[in-house]
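For the sequence shown, the numbering used here gives the first residue as -19, with consecutive numbering after it.
Positions of the beta carbon are idealized from the N, C-alpha and C atoms, including for glycine.
One structure is given here, and the rest of the page talks about it.
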Amino acid sequence: MGLSPLFPVNEFLCQKTEEKFEFDETVAMLQNLFA
């Protein structure tokens, strides 16, 4: 298993503060990470 599944999560959490997403978009992105 290793750490490779964590890379997309880390990228999501480290996005720039200038990147603004609506709540529904954020939920959809998180669902895609864990689908």
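- About 10 Å separates the beta carbons of Phe(-13) and Leu13, which is beyond the 8 Å limit, so they are not a contact pair.
- In the three-state reduction of the DSSP assignment, Pro(-12) falls in the helix class.
- Straight-line spacing of the CA atoms in Lys0 and Leu10 works out to 15 Å.
- Taken through DSSP and simplified to helix, strand or coil, Gln11 comes out as helix.
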